[in-house]
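Numbering-wise (our numbering), the sequence shown opens with residue 458 and increments by one. I have placed the structure first, in the form of C-alpha cells, so that the comments after it can refer back to it.
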Amino acid sequence: MAKDPKVVVKDPPAVAKDPPVVKDPPEQVKPPDQDNFGRDQLARGAVAFEVGNLEECEIYLHAVPAGTTSRSEADGLQKKIEEIRKKLKRGQGAVAAGNCDAAKPIFREVIRINPRIKLANEGLEKCRNAAIPTTLDP
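As C-alpha cells, this is what we get:
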C-alpha cells in the first residue's frame, strides 16, 4: 500500500505533566511609613521656612500626618508662620498709615524670627527710605 502524499500524520499532542502554577496575587501596596513621611514633609517645610517661602512651607506642614512624631513640631512652625503674618499685617498697616516709627520695630521682630522674610525687609527698607535724612537708623 502506498502512502498518500497529502495525508500528514502528526504525533499526538503532548500532555502536560503538571498543571500551570497559579501565583498568589501580589500584596497590596502599603502606604509609606507615616512617621518617615511626616519627618520628610517637616524637613521640606523647615527648609522652605528658612529661605523665607512661607506658602511652600505651609503646604508641607499641612501634609504631616496627625499622630506622627513630627506633627507637634509642624504645629509649632505653623504658629510661627501665623505670628509672622500677623506682624507683617500690622507693620504694613502702620506704613500705609504713614507711621513708620511704629512699623520699624514690628518689621524688626519679624526679621528676628526669620531674617529672610522678604516683606519684612522691604517694609523696613521703605521706612528707612521715608525717614528724614538727618535721622540715623541702625
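Note that the Cβ used here is the ideal one computed from N, Cα and C, for glycine as well. Keep in mind that this is a model prediction, so the values were computed, not measured.
Nearest-angstrom Cα separation, counted from residue j out to residue i
i: A523; j: G555; result: 44 Å
i: G495; j: L545; result: 29 Å
i: I541; j: V567; result: 6 Å
i: N586; j: G580; result: 10 Å
i: C557; j: E507; result: 27 Å
i: K543; j: S527; result: 25 Å
Extent of the continuous alpha helix (DSSP H) run through residue i
i: S529; result: R528 to A553
i: I568; result: C557 to I570
i: A500; result: Q491 to E507
i: A520; result: L511 to A520
Residue i - DSSP class collapsed to helix/strand/coil
i: E484; result: coil
i: A523; result: coil
i: R585; result: helix
i: K575; result: helix
Contact set for residue i: own chain, Cβ-Cβ below 7 Å, skip 5 residues either direction
i: I538; result: L511, C514 and E515
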